[in-house]
Structure formats: C-alpha cells, structure tokens
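Residue numbers (the working numbering), protein chains in the order written: chain C, 2 to 302; chain V, 6 to 285.
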Amino acid sequence: MSQPESALAEAQGGGRAPESLAALAERHGLRRAIARPSMPAYLRQLWDRRHFILTYATSRNVSKYSESMLGQLWQVLTPLLNAAVYWLMFGVILGQSKSIENYPAFLITGVMVFTFTQRTVISGAKSISSNLSLIRALHFPRASLPLAYTMQELQQLGYSMAVLVLLVLVTGEPITWLWLLIPVTLLMQLVFNIGMAMFMARLGAFMRDLNQLMPFITRTWLYASGVFYAIDDKTRELPELLRWVLEFNPAAAYIEFMRDLLIYQRFPERWAWVTCLFWAVFALIVGFWYFWRAEERYGRG
Amino acid sequence: MAELTEELSQVAPQHSETQNSETQTPETRNPKVGTPTVIVDDLHIVYKVYGAASESEKGNAANALMRILRRQGRPQMKEVHAVKGVSFVAHHGDAIGIIGRNGSGKSTLLRAIAGLLPPHKGAVYTNGQPSLLGVNAALMKELTGERNIILGCYAMGMSPAEVREKYDEIVDFSGIGDFVQFPMSTYSSGMGARLRFAISSAKTHDVLLIDEALATGDREFKKKSQQRIKQMRDSAGTVFLVAHNLDVIEETCNRVIWLHKGKIRMEGDPQEVLEAYNKA
Chain C
2 MSQPESALAE
12 AQGGGRAPES
22 LAALAERHGL
32 RRAIARPSMP
42 AYLRQLWDRR
52 HFILTYATSR
62 NVSKYSESML
72 GQLWQVLTPL
82 LNAAVYWLMF
92 GVILGQSKSI
102 ENYPAFLITG
112 VMVFTFTQRT
122 VISGAKSISS
132 NLSLIRALHF
142 PRASLPLAYT
152 MQELQQLGYS
162 MAVLVLLVLV
172 TGEPITWLWL
182 LIPVTLLMQL
192 VFNIGMAMFM
202 ARLGAFMRDL
212 NQLMPFITRT
222 WLYASGVFYA
232 IDDKTRELPE
242 LLRWVLEFNP
252 AAAYIEFMRD
262 LLIYQRFPER
272 WAWVTCLFWA
282 VFALIVGFWY
292 FWRAEERYGR
302 G
Chain V
6 MAELTEELSQ
16 VAPQHSETQN
26 SETQTPETRN
36 PKVGTPTVIV
46 DDLHIVYKVY
56 GAASESEKGN
66 AANALMRILR
76 RQGRPQMKEV
86 HAVKGVSFVA
96 HHGDAIGIIG
106 RNGSGKSTLL
116 RAIAGLLPPH
126 KGAVYTNGQP
136 SLLGVNAALM
146 KELTGERNII
156 LGCYAMGMSP
166 AEVREKYDEI
176 VDFSGIGDFV
186 QFPMSTYSSG
196 MGARLRFAIS
206 SAKTHDVLLI
216 DEALATGDRE
226 FKKKSQQRIK
236 QMRDSAGTVF
246 LVAHNLDVIE
256 ETCNRVIWLH
266 KGKIRMEGDP
276 QEVLEAYNKA
C-alpha cells in the first residue's frame with residue numbers, strides 16, 4: 002500500500018488508533034494557511050513587493066488614459082482645468098481676489114496641494130473594495146494596494162507640481178532658496194497621505210456605503226481647508242477653539258506651508274513645522290497599524 | 006460525514022493499486038513524494054453575498070429606510086454555506102481533480118486551500134504557499150501583453166531578475182508572437198487564456214491550484230499545458246485542478262474528488278469516480 006492512503010486511512014480512523022488530521026499536519030510541519038504576519042515580517046513582505054507596487058501604480062496610470070485621444074496629456078490638463086474652474090468661481094465671480102495678494106497663485110497652490118491629499122484619500126478608500134478579485138486570487142501583503150494607489154497619485158502630483166511651479170512663476174513670484182524645501186513638505190504630505198490611504202482602505206473595505214459618502218466628506222474638507230480663502234482672515238469672529246481646529250487641520254497646514262515657500266517667501270513658522278510633522282507621523286502609524294490589524298480579513302465578504 | 010468515511014474505506018484499497026502503477030515514476034525519482042502537502046480538516050466555508058435580495062425587497066428606498074428603522078440588518082446580505090465539512094490529504098506528486106456541478110463549492114474549496122478564504126470551522130494545513138492560478142485578476146486589458154507579463158510576474162512576487170529571465174519563456178510558451186506588443190483587449194479569448202496560463206505557470210509553485218484554466222485554447226496548447234502540469238507533479242509539486250471538461254481531468258489527474266453540495270460525494274481513482282459521476 003502506498004503511503005498516501007495509509008496516511009489517509011490513519012487519519013480517518015480506519016481501524017487503528019486514529020490520528021487526527023491536525024496531528025498529522027503537525028507531524029509533517031504543515032501550518033494553517035491563514036495567519037496575520039507580525040509587523041516586522043509584514044514590513045519585510047511589503048518591501049519585497051516594492052516592484053509590484055510601483056508597476057501596479059504605473060500600469061494603472063497608463064491604462065487610465067489609454068482610451069482618451071489626448072492620452073497622457075490629461076495628467077497635465079486635469080490640474081490645469083481644475084485651477085481654471087476655481088479661479089473663475091472664486092477669483093472672478095465671487096471676487097475673493099481683492100483681499101488677497103496674487104490670488105491666482107494663492108488659489109492654485111491651495112488646489113494642487115489639496116487635490117493630492119483628496120485624491121489619495123478617495124482612491125485609498127476604494128483600493129481594497131475595488132480589487133476584491135485580485136485579493137481573492139493572489140497572496141501579497143494587502144497594504145500594497147493602498148500604497149500603490151498612493152504612488153499612482155504621487156506620479157500624478159509630479160505633473161501638477163510642474164504646472165504649479167510654472168504658473169506661480171508666471172504670476173511673478175521669484176525663485177528663492179526656500180524652494181529647496183518643496184520636496185520636504187511634499188514628503189511630509191506623502192507620508193500623511195499613505196497613512197490616510199491605509200486608514201481609509203480598511204474603512205472602505207468593510208463599510209460599503211463609504212464610497213457614496215466620500216464626495217461629501219472631501220468637499221466639506223475642501224471648504225474647511227482654506228483653499229479659496231485665508232483662514233486667519235475669515236475666522237476672526239469664530240470661537241478660539243474652532244479657529245484652532247481649522248488651522249490644525251492637516252490639509253490646511255500643508256497648504257499654508259507650501260504657500261509660505263512659493264508665495265510669501267518666508268520660512269514656515271515653528272508651529273507649521275510641528276503640525277505638518279505631527280500629522281505625517283501620526284497618520285502613518287495609526288493608519289498602518291489599523292490596516293494591518295485586519296490583514297487576514299480583507300476580501301472575505 | 007458517515008457517507009464520506011464509508012466511501013473512503015471502500016475506495017481506498019482498490020485505489021491504492023491503481024495509484025501505485027500511476028505514481029511509480031515520480032516516486033522513484035523523488036523521495037519527497039508521498040508526504041502530505043495539503044491537509045484539509047473538516048473544512049466549512051461560509052461567505053456573505055451582497056445584493057442577493059428576493060424580488061419583494063429589491064432596491065426600494067422606502068423599504069431600505071424601514072429596515073433601518075426596524076434595525077434589521079441588510080437583507081440583501083445572505084450567507085452561503087459553500088463547503089460543508091470536507092476532509093482530505095494531498096501529497097507530493099499528486100494531481101487532484103475536483104469535479105462537481107455548478108455551485109457545488111469547487112472554486113470556494115480551491116480558494117480556501119489557497120488561504121484566500123478564512124475557514125468558518127475546521128482548518129487547512131499547508132507547507133509553503135499554495136497559489137491559485139489566478140494572475141488574471143492583476144492584468145489590465147488596456148495594457149500591452151508585454152506590460153502585462155511584467156505586471157503579472159511582479160504580482161506573483163517575482164524579483165526583477167526573475168522577470169527578465171522568464172520573460173522570453175512566457176512569450177514563447179503562450180505562442181502569441183508579435184501580439185505581445187498589442188493591448189490585451191485586442192486578443193482573442195484563446196490568446197488571452199494562453200497568455201494568462203503562461204504567466205501564472207512561469208513561477209514554480211509547491212502547490213498549484215487551477216480553476217478552469219485549460220478549457221480554453223486550442224488542442225496544441227492544451228497539450229502544452231498538460232505537459233507543464235506533469236512537470237510540476239514530477240518535481241514533487243501538488244496540483245489541484247477544477248474543470249468541467251472531464252477528459253482533461255482523466256488525462257492529468259491521479260485522484261479525483263467529487264464534490265456535491267459542499268460535501269465530498271466520492272473520492273479516489275479518476276476512472277471510477279468519473280464513471281460514477283457520469284451515471285449520476
């Protein structure tokens with residue numbers, strides 16, 4: 002009798018002292034298929050998947066515009082059109098521009114910086130729920146998906162930053178040494194976005210109605226973040242606490258930081274640094290931990 | 006469950022004779038053959054289905070509101086008990102066919118073995134990582150075959166060096182030739198299936214799970230893919246194959262599990278099980 006059947010018969014209790022399947026598994030060193038890796042192991046797996054994350058992000062960007070005639074040009078056109086729409090609304094029609102110096106640059110900086118976070122949050126919320134078939138077919142650390150979506154937005158940001166810098170120069174702002182800090186603030190924002198994308202990914206994976214709500218949430222956030230107006234200007238009459246909350250808002254902090262560098266030509270205050278750094282670290286740790294805790298449950302529903 | 010044990014005890018003795026003659030070749034070649042690779046122990050899988058509401062409850066805003074007010078969960082969510090207490094042991098060098106009607110739990114069972122669906126009760130024990138031949142989920146039809154090969158390889162966890170090494174082999178094996186420069190949306194269904202199989206079988210798997218992949222493709226490709234499965238068995242891998250096409254199972258597998266409504270109806274030598282299956 003060949004070995005397979007003897008093992009099976011044994012396991013099924015075919016006459017002799019029955020060995021349970023669990024014991025048989027243990028004797029041959031087999032493990033349960035589903036288990037969440039420890040955090041260090043998880044980070045290592047994620048690092049091993051870096052090529053997948055980047056390729057997936059690029060592929061999504063390429064395929065996104067493959068149907069349109071202008072193709073990759075949309076990566077530049079989309080942020081430009083966005084800025085144009087807001088300038089028309091708030092600059093021309095609502096006349097916001099009178100109280101703010103160089104309003105076009107002010108507005109475009111706000112729009113570009115906010116869009117980066119907004120798009121990452123929205124796509125992060127979908128990153129698990131719209132990839133269920135992938136999750137159910139292949140093994141990989143699930144955090145690859147929100148990370149890939151963040152990287153995709155980062156690639157888009159490259160184009161919008163080029164547009165932003167160009168427009169700011171056109172409106173007459175000079176290039177200063179402070180511009181060297183642009184990558185620093187973008188890095189802080191990127192880290193914040195990664196954390197947010199992870200957090201939203203888990204929320205979106207288990208709360209199916211979240212995607213319907215996202216437009217409202219992000220729009221409220223947009224209006225509260227001082228993209229179109231100067232927060233300290235407009236909030237003089239508000240209670241102290243509310244003003245503090247509005248200024249502590251991460252999106253507002255990153256926008257202000259970028260405006261300091263690009264438009265006001267001043268080194269950001271210590272308060273701005275603390276806020277931006279705090280949000281980056283806080284979001285990354287909380288978002289990552291929160292996402293990892295449900296690692297083995299994604300794709301189950 | 007009594008049904009299962011009874012059947013097993015009947016099948017086992019005859020089964021071993023036929024199996025001996027069949028597995029002899031790999032057995033003499035590889036000492037690992039015969040030790041278990043996958044153990045499925047009284048596995049139950051229950052999953053939730055959304056949007057499976059009955060006619061009367063369908064998409065009506067007033068109904069939805071009433072449900073929330075009455076604090077009844079979502080009725081669109083139904084629980085499906087897809088696998089009900091399946092147990093078996095698979096070994097190095099086995100190629101196990103899984104047959105059964107639509108909805109008998111075959112694909113669910115494969116996903117559970119791959120560790121992609123958590124068991125409701127019971128357990129699946131494996132060494133290494135069983136992989137589902139399911140790279141298609143990572144591919145994007147708007148992209149060229151070339152980009153998809155790279156993407157698919159990374160999705161399976163290969164390194165850039167491995168991708169470079171395997172690239173030509175994948176193109177050769179798929180036989181799509183110059184089409185590799187075109188978007189996958191322009192491929193015929195056979196070409197797409199060939200490319201997908203070529204990509205997913207490029208990686209060496211200890212345990213490979215194949216779900217209906219060989220049904221498409223022409224005669225020649227079918228031969229090629231069967232050969233590849235044989236190679237995997239010979240290198241002491243274990244292959245699980247789900248197919249409705251019974252001759253594929255008969256030609257490639259040395260064991261067949263017949264699932265019926267989430268339970269094992271019969272298990273053993275391909276000819277016997279297939280004969281019984283055809284009669285049923």
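Don't be surprised by glycine CBs; every beta carbon is placed ideally from N, CA and C. These figures come from a predicted structure and were not determined experimentally.
Residues of chain C with a CB under 8 Å from the CB of residue i: which are they?
i                     : result
alanine 160 (chain V) : Phe53, Tyr57, Leu135, Leu139 and Phe141
serine 136 (chain V)  : Leu139 and His140
Taking Cβ to Cβ, would you say residue i is nearer than 8 Å to residue j?
i                           : j                        : result
glycine 162 (chain V)       : arginine 50 (chain C)    : yes
isoleucine 269 (chain V)    : leucine 246 (chain V)    : no
isoleucine 54 (chain C)     : alanine 84 (chain C)     : no
asparagine 62 (chain C)     : glutamine 156 (chain C)  : yes
glycine 266 (chain V)       : serine 109 (chain V)     : Note on residue identity: the sequence assigns lysine, not glycine, to residue 266 (chain V). Yes, Cβ-Cβ distance for lysine 266 (chain V) and serine 109 (chain V) is below 8 Å.
glycine 125 (chain C)       : alanine 202 (chain C)    : yes
threonine 151 (chain C)     : isoleucine 195 (chain C) : yes
phenylalanine 184 (chain V) : lysine 229 (chain V)     : no
serine 303 (chain C)        : leucine 122 (chain V)    : Since the first and last residues shown for chain C are 2 and 302, residue 303 (chain C) lies out of range.
arginine 45 (chain C)       : tyrosine 299 (chain C)   : no
threonine 177 (chain C)     : glutamine 119 (chain C)  : no
proline 135 (chain V)       : valine 212 (chain V)     : yes
leucine 114 (chain V)       : leucine 279 (chain V)    : no
serine 92 (chain V)         : leucine 25 (chain C)     : no
phenylalanine 249 (chain C) : glycine 111 (chain C)    : no
threonine 71 (chain C)      : leucine 78 (chain C)     : In the sequence as presented, threonine is not what sits at residue 71 (chain C); that position holds leucine. It is a contact, given that the beta carbons lie within the stated cut-off.
isoleucine 123 (chain C)    : methionine 215 (chain C) : yes
methionine 259 (chain C)    : valine 114 (chain C)     : yes
Which same chain residues, not among the five before or five after residue i, have their C-beta less than 7 Å away from its C-beta?
i                           : result
isoleucine 175 (chain V)    : Ile154, Ala203, Ile204 and Ala207
phenylalanine 268 (chain C) : Leu179
leucine 139 (chain C)       : none
tyrosine 282 (chain V)      : Ile104 and Trp263
leucine 211 (chain C)       : Ala126, Leu204 and Gly205
threonine 172 (chain C)     : Asn103, Pro105 and Ala106
isoleucine 232 (chain C)    : Leu247, Glu248 and Ala253
With a CB to CB cut of under 6 Å and the five nearest residues on each side skipped, what residues in its chain are close to residue i?
i                           : result
proline 275 (chain V)       : Glu255, Cys258 and Val261
glutamate 8 (chain V)       : With a pLDDT of 41 at glutamate 8 (chain V), under the threshold of 50, the predicted position of this residue should be treated as unreliable, though the coordinate-derived value follows. Correct list: empty, nothing qualifies.
glycine 102 (chain V)       : Leu246, Ile254, Cys258 and Val261
phenylalanine 289 (chain C) : Met199
phenylalanine 226 (chain V) : Arg199
alanine 284 (chain C)       : Phe193, Gly196 and Met197
To which residues of the same chain is residue i closer than 8 Å at the C-beta, ignoring the five residues directly before and after it?
i                        : result
valine 282 (chain C)     : Val192
isoleucine 129 (chain V) : Rather than isoleucine, the amino acid found at residue 129 (chain V) in this sequence is valine. So the qualifying residues of the chain are Val43, Ile44, Val45, Asp46, Leu48, Ala117, Ile118 and Gly120.
isoleucine 181 (chain V) : Gly150, Tyr192, Met196, Arg199 and Leu200
glutamate 22 (chain V)   : Low confidence applies here, because glutamate 22 (chain V) scores a pLDDT of 38, under 50, leaving its location unreliable; read the following figure in that light. So the list is empty, once near-sequence residues are dropped.
leucine 170 (chain C)    : Ile176
Which residues in chain V sit within 9 Å of residue i, going by Cβ to Cβ distance?
i                       : result
arginine 32 (chain C)   : Tyr130, Thr131 and Asn132
arginine 294 (chain C)  : None at all; the shortest Cβ gap to chain V is about 15 Å.
alanine 23 (chain C)    : Ile44, Asp46, Ala128 and Tyr130
glutamate 154 (chain C) : Result: empty, since nearest Cβ-Cβ is about 18 Å, beyond 9 Å.
What in chain C is Cβ-close to residue i, meaning under 7 Å?
i                        : result
methionine 189 (chain V) : What methionine 189 (chain V) touches in chain C: nothing, since even the nearest Cβ is about 10 Å away.
proline 165 (chain V)    : His52
proline 41 (chain V)     : Ala8, Leu25, His29 and Leu31
Does the beta carbon of residue i come closer than 8 Å to any beta carbon on chain B?
i                       : result
glutamate 241 (chain C) : Within the model displayed, chain B is absent; protein chains C and V are what it includes.
In chain V, which residues lie less than 8 Å from residue i when you measure between Cβ atoms?
i                    : result
serine 131 (chain C) : The premise fails here: serine 131 (chain C) is roughly 12 Å from chain V at the closest Cβ pair, so nothing lies under 8 Å.
serine 124 (chain C) : Correct list: empty, because the minimum Cβ distance to chain V is about 16 Å.
If residue i and residue j are in contact, beta carbons under 8 Å, what's the gap, nearest whole angstrom?
i                        : j                       : result
glycine 92 (chain C)     : proline 105 (chain C)   : 7 Å
proline 41 (chain V)     : histidine 29 (chain C)  : 5 Å
isoleucine 129 (chain C) : alanine 198 (chain C)   : With a Cβ gap of about 10 Å, isoleucine 129 (chain C) and alanine 198 (chain C) do not count as contacting.
cysteine 277 (chain C)   : alanine 254 (chain C)   : 5 Å
glutamate 154 (chain C)  : threonine 186 (chain C) : Between threonine 186 (chain C) and glutamate 154 (chain C) the Cβ distance is about 16 Å, and since that is not below 8 Å, they are no contact.
For residue i, go through chain V and note every residue whose CB falls closer than 7 Å to its CB, in chain order.
i                       : result
glutamate 297 (chain C) : Pro123
serine 100 (chain C)    : Simply none; closest approach about 44 Å.
serine 60 (chain C)     : Met145, Leu148, Arg152 and Leu156
glycine 300 (chain C)   : Leu121
- request: Please list the residues of the stretch 236-258 of chain V that have a C-beta atom closer than 8 Å to any C-beta atom in chain C, keeping them in chain order.
  value: Result list empty, no residue passes.
task: Check distances from the C-beta atoms of the stretch 62-93 of chain C to those of chain V and list, in chain order, the residues that come in under 8 Å.
output: Listed by position along the chain: Val63, Ser64, Ser67 and Glu68.
query: Can you list, in chain order, the residues of the stretch 187-206 of chain C whose Cβ is nearer than 7 Å to any Cβ on chain V?
result: If the cut-off is 7 Å between Cβ atoms, the stretch 187-206 of chain C has nothing near chain V.
task: Can you give me, in chain order, the residues of the stretch 141-159 of chain V that have a beta carbon less than 7 Å from any beta carbon in chain C?
output: Under the 7 Å Cβ criterion, the stretch 141-159 of chain V contributes Ala142, Ala143, Met145, Glu147, Leu148, Arg152, Ile155, Leu156 and Tyr159.
Residues from the stretch 102-123 of chain V in contact with chain C, defined by Cβ distance under 9 Å: Taking 9 Å as the Cβ-Cβ cut-off against chain C, the residues of the stretch 102-123 of chain V that qualify are Arg116, Ala117, Ile118, Ala119, Gly120, Leu121, Leu122 and Pro123.
field: Residues from the stretch 191-209 of chain V in contact with chain C, defined by Cβ distance under 8 Å
entry: Using a CB distance below 8 Å, no part of the stretch 191-209 of chain V faces chain C.
field: Contacting positions in the stretch 85-102 of chain V - beta carbon closer than 8 Å to chain C
entry: Within the stretch 85-102 of chain V, those residues whose Cβ lies closer than 8 Å to any Cβ of chain C are, in chain order, Ser92, Phe93, Val94, His96 and Asp99.
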